[in-house]
Amino acid sequence: MKHQLLFVEDGIAIIRLKGELDHHATQTIRDEISQSLYRGTLRAIIWNLQDLHFMDSAGIGLILGRMRDFVPTNGQTVILHPSETMKKIFQYSGLGSYVWPTTEEETIAQLGGILNGQ
């Protein structure tokens, strides 16, 4: 699984997940994003799942865990383009309101950020 982590101005990170997201892949992503969370440099994370084909419970845990880490700073989490199966899982997990029917650019604009050159 390859992923892309982009940092946008104004403390917004975009995480583009591709292929399969399992236990092994989540550790790398967790480490990368947690460093920024703990430094206090993030105010929002956009999870773009458009190219993600499989996600096990570790993937759900990854997103939930980052949301929990965000609680003290009132950070925002947005999930974009999940498959229909993933969308149902998010809804059953109580995360349906975090799934937005917008593009990355629209989401960044709604969060008040600026996307440069991506």
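Number 61 in full-length UniProt numbering belongs to position 61 of the sequence shown; there are no gaps in the numbering. Beta carbons are placed, not taken as given, at the ideal position from N, Cα and C, and that holds for glycine.
Under a 10 Å Cβ-count criterion, THR41 is classified as exposed, with fewer than 16 other Cβ atoms of the shown protein chains found around its own Cβ. Look at ASP31 here: in three-state DSSP terms it is helix. Cβ neighbours of HIS53 within its own chain (closer than 7 Å, five residues either side excluded): GLY19 and GLU20. Here the C-alpha atom of SER57 lies approximately 18 Å from the C-alpha atom of HIS3. DSSP places THR41 outside both helix and strand once states are collapsed to three, so it counts as coil.
Per the C-alpha coordinates, the member of HIS24, ILE46, ILE60 and PRO72 positioned closest to ILE15 is ILE46. About 20 Å separates the beta carbons of ILE29 and ILE108, which is beyond the 8 Å limit, so they are not a contact pair. When DSSP states are grouped into helix, strand and coil, LYS18 belongs to the strand group. Boundaries of the beta strand (DSSP E) around LEU80: 76-80. Here LEU17 is near LEU49, since their CB atoms are less than 8 Å apart.
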